[in-house]
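A short worksheet on the structure shown next.
Protein chains: 2
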Amino acid sequence: MPDPIRAGEGDHAVTYCVGLLLDAGIVLLSDTRTNAGLDNIAVYRKMFLFEKPDDRVVAILTAGSLSITQTVLARLNEAIELDDDEVPSLMNCDTMLEVAELVGKTLSDVTVDVRSKMERMSQKASASMLVAGQRKGGVIRLFLIYPEGNFIEASNDTPYLQIGEHKYGKPILDRVVQSNTSLSDAKKAVLLSMDSTLRSNLSVGMPLDMAVIETDALKVSEKRRIEPDDDHFRAMSAAWSDALRRSFEDIEV
Amino acid sequence: MPDPIRAGEGDHAVTYCVGLLLDAGIVLLSDTRTNAGLDNIAVYRKMFLFEKPDDRVVAILTAGSLSITQTVLARLNEAIELDDDEVPSLMNCDTMLEVAELVGKTLSDVTVDVRSKMERMSQKASASMLVAGQRKGGVIRLFLIYPEGNFIEASNDTPYLQIGEHKYGKPILDRVVQSNTSLSDAKKAVLLSMDSTLRSNLSVGMPLDMAVIETDALKVSEKRRIEPDDDHFRAMSAAWSDALRRSFEDIEV
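For the record, the sequence lines run as chains L and D.
Counted from 1, the first sequence has number 10 at position 8 by the numbering used here; the numbering is strictly sequential.
Counted from 1, the second sequence has number 158 at position 156 by the numbering used here; the numbering is strictly sequential.
Next up, the structure:
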């Protein structure tokens with residue numbers, strides 16, 4: 003059943019994005035739905051990829067108010083287009099840590115701007131982001147940026163980070179994902195994690211965007227949009243349902 | 003991994019209670035942990051059973067501020083002890099709908115009382131409850147009572163209700179529970195739903211309380227406390243983990 007409406011969930015609830023940090027690389031998956039009102043369902047990208055082959059690759063995944071996330075991405079893109087070494091941008095930061103700090107500061111600034119406009123209407127707007135990638139000479143890293151601009155980082159102990167409607171898809175990740183998980187298993191894990199979320203929350207929706215950044219590749223190794231009629235995703239989803247039901251039957255009471 | 007701390011989750015997050023309404027009866031499961039601070043973990047019952055064999059059986063499961071839930075139960079018990087037909091109590095209500103209304107009104111009254119005391123400290127306290135049971139001559143019913151005292155009811159289309167940390171344990175229920183599910187499968191489903199929650203949120207804790215009310219039995223048909231060292235629960239949990247991992251491996255990428 004869909005969730006009964008609960009107060010205080012905010013607009014984070016209509017997104018699910020997940021990133022895995024593995025020895026072999028990073029696997030990222032996002033949904034694309036931004037508003038699940040009955041007659042107002044829109045599809046917007048929530049995954050943004052920035053590449054300068056052999057130098058850096060950066061991915062940003064977003065959850066939350068579209069007014070905030072679009073403005074953050076617009077400012078980040080503006081800084082790239084300015085191409086001025088005095089103005090920090092995703093393409094001139096020296097390290098991934100600087101990238102995370104730049105995204106955090108931009109998110110925090112935009113959130114303050116947007117909230118000051120909305121305060122008179124006592125509405126709250128916020129957004130959070132995943133930032134992933136690698137800079138030449140550095141290691142591959144994955145961060146979660148909070149609405150306030152501070153952030154945490156994935157590690158060997160915590161090889162995945164999620165934003166948005168993260169709980170339905172967490173049990174499967176807890177059981178199967180470790181740092182030494184292969185990229186192929188990791189893609190399977192994020193897709194099944196998303197599948198559980200799609201089943202339990204009608205406001206998270208297809209199509210999906212998936213990206214893989216292999217360690218030291220310094221580029222997007224694979225990217226794929228999965229449409230609602232994707233045969234492969236549907237077959238995987240059905241096979242997983244069958245397997246779960248069979249497993250359930252096999253458990254002794 | 004345990005969840006990173008997120009703002010706004012409130013104290014609802016440290017409980018998981020679930021109730022299934024099936025053709026064959028009702029299956030209820032709750033955890034017992036009320037505070038998961040590092041050195042302040044307490045075990046309090048969250049499931050309360052009221053029986054008058056051949057007349058009625060009522061179960062109440064609670065999530066939220068202990069100061070609220072204990073006071074609500076104290077007032078409900080006081081009314082029973084008063085044994086005055088002019089004072090509505092769980093034991094003299096004519097129907098389960100009246101029971102749900104009585105619990106809702108008491109919860110709403112207590113919440114207003116407690117909040118007025120706490121307002122000076124700008125803290126928020128709230129609680130929600132599951133109310134289940136059957137009154138002689140009526141049908142077996144399951145309600146979820148919101149902090150404001152209003153409620154929703156389980157039905158054929160929505161055969162289960164949850165309070166507290168409900169999301170981790172929802173995917174398994176969505177896949178295997180229907181009105182015609184047997185009580186034995188239902189017990190397995192709520193235990194596996196709880197198992198997923200225990201794995202993903204460290205602040206939901208053992209022991210567990212489980213109760214079964216068979217349709218038209220007008221009594222608690224089965225009740226059981228499951229301790230942390232319960233061999234049966236541990237074996238079921240391990241078997242489910244193995245089955246999920248095997249299923250995961252079998253899915254083609």
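Don't be surprised by glycine CBs; every beta carbon is placed ideally from N, CA and C.
Practice item. Closer than 6 angstroms by C-beta to L:W242: which residues in its own chain qualify, once you throw out the five before and the five after it? Chain order, please. Key: Taking the first sequence and counting its residues from 1, one reaches residue 242 of chain L at position 240. Once the five neighbours on either side are set aside, the close Cβ partners of L:W242 are L194.
Exercise for review: Could you tell me if D:K172 is buried or exposed, where buried requires 16 or more neighbouring beta carbons within 10 angstroms of its beta carbon?
Suggested key: If you number the second sequence from 1, residue 172 of chain D lands on position 170. D:K172 is buried by the Cβ-count criterion.
Review point. First and last residue of the beta strand (DSSP E) that includes D:K225?
Key: Within the second sequence, residue 225 of chain D is the residue found at index 223, counting from 1. From DSSP, the beta strand (DSSP E) with D:K225 extends over 224-228.
**Study point:** Coarse secondary structure for D:T64, derived from DSSP in three states
**Key:** Here residue 64 of chain D refers to the residue found at position 62 of the second sequence. Secondary structure of D:T64 (DSSP, three-state): strand.
Practice item. Taking D:L24 and D:T183 to be in contact with their CB atoms under 8 angstroms, please state how far apart those CB atoms are, rounded to whole angstroms. Key: For this step, residue 24 of chain D is matched to residue 22 along the second sequence. For this step, residue 183 of chain D is matched to residue 181 along the second sequence. Confirmed, about 5 angstroms.
Exercise for review: Drop a sphere of 10 angstroms on the beta-carbon of D:D203, count the other beta-carbons inside from all chains shown, and report buried for 16 or more, exposed for fewer.
Suggested key: Locating residue 203 of chain D in the second sequence gives position 201, where the first residue counts as 1. Inspection of the sequence shows that residue 203 of chain D is occupied by Asn rather than by Asp. Per the 10 Å Cβ criterion, buried.
**Study point:** Nearest to D:S223 (by Cα), restricted to the options D:V29, D:Y18, D:T17
**Key:** Along the second sequence, one-based indexing puts residue 223 of chain D at 221. Of the candidates D:V29, D:Y18, D:T17, the one whose C-alpha sits nearest the C-alpha of D:S223 is D:V29.
Review point. Relative to the alpha-carbon of D:T97, which residue among D:D86, D:V141, D:L31, D:L163 has its alpha-carbon at the smallest distance?
Key: For the purposes of this step, residue 97 of chain D is taken as the residue at position 95 of the second sequence. Considering only alpha carbons, the answer is D:V141.
Point to revise | L:E204 (DSSP reduced to helix, strand or coil) | key: The residue labelled residue 204 of chain L in the question sits at position 202 within the first sequence. A small correction: the amino acid at residue 204 of chain L is Leu; Glu does not occupy that position in the sequence shown. It is coil, neither helix nor strand.
Check your understanding: Taking only runs of the alpha helix (DSSP H) that begin and end inside the stretch 165-192 of chain D, which ones reach a length of at least 4 residues, in chain order?
Key -> Within the stretch 165-192 of chain D, the complete alpha helix (DSSP H) runs of at least 4 residues fall at 172-178.
Practice item. Quick one: list the residues of chain L neighbouring D:K2, beta-carbon separation under 9 angstroms, in chain order. Key: This structure gives no information on residue 2 of chain D, because the portion of chain D shown stretches from 3 to 255.
Check your understanding: Does the Cβ of D:V114 have 16 or more other Cβ atoms within 10 Å, making it buried, or fewer, making it exposed?
Key -> Translated into positions along the second sequence, residue 114 of chain D becomes position 112. Classification for D:V114: exposed.
**Study point:** DSSP state of D:E216 mapped onto helix, strand, coil
**Key:** On the second sequence, position 214 is the one that residue 216 of chain D refers to. DSSP places D:E216 in the strand class (E or B) of the three-state scheme.
**Study point:** Under 7 angstroms between C-beta atoms of D:K221 and D:E53
**Key:** Along the second sequence, read from residue 1 onward, the residue named residue 221 of chain D stands at position 219. Along the second sequence, read from residue 1 onward, the residue named residue 53 of chain D stands at position 51. Against a cut-off of 7 angstroms, the Cβ pair of D:E53 and D:K221 comes out as a contact.
Exercise for review: Check the Cβ of D:S202 against every Cβ in chain L and list those closer than 8 angstroms, keeping chain order.
Suggested key: Stepping through the second sequence from its first residue, residue 202 of chain D is reached at position 200. Those are K169, K172, P173, D176, listed as they occur along chain L.
Point to revise | Presumed contact (8 angstroms Cβ cut-off) between D:L63 and D:G21, rounded CB distance | key: Here residue 63 of chain D refers to the residue found at position 61 when the second sequence is read from its first residue. Here residue 21 of chain D refers to the residue found at position 19 when the second sequence is read from its first residue. The pair is a contact, with the Cβ atoms about 7 angstroms apart (cut-off 8 angstroms).
Point to revise | Element boundaries [alpha helix (DSSP H), containing D:L92] | key: Residue numbering aside, residue 92 of chain D sits at position 90 when the second sequence is read from its first letter. Unbroken run through D:L92: none, as it is neither H nor E.
Review point. Among residues of its own chain, excluding the 5 on either side of D:E150, which ones have a beta-carbon nearer than 7 angstroms to its beta-carbon?
Key: One-based indexing of the second sequence puts residue 150 of chain D at position 148. So the list reads S110, once near-sequence residues are dropped.
Review point. Between the Cα of L:V179 and the Cα atoms of L:I165, L:S157, L:A237, L:A129, which residue gives the shortest distance?
Key: Here residue 179 of chain L is taken as the residue at index 177 of the first sequence, counted from 1. It is L:S157 whose Cα lies nearest to the Cα of L:V179.
Exercise for review: Run down chain L in chain order and give the residues with a C-beta less than 8 angstroms from the C-beta of D:L246.
Suggested key: By 1-based counting over the second sequence, the position of residue 246 of chain D is 244. Those within 8 angstroms of D:L246 in chain L are I174, R177, V178, L246, S249.
Point to revise | Residue interval of the alpha helix (DSSP H) (run including D:G27) | key: Walking along the second sequence from the start, residue 27 of chain D turns up at place 25. Looking at the DSSP string, D:G27 is not in any alpha helix (DSSP H); the run it does join, the beta strand (DSSP E), is 27-33.
Check your understanding: Does the beta carbon of D:M238 come closer than 7 angstroms to any beta carbon on chain L?
Key -> Numbered from its first residue, the second sequence carries residue 238 of chain D at position 236. By this cut-off, D:M238 is an interface position.
Practice item. Specify, as a first and last residue, the run of the beta strand (DSSP E) that D:E155 falls within. Key: Residue 155 of chain D sits at position 153 when you count from the first residue of the second sequence. Note, D:E155: beta strand (DSSP E), 153-155.
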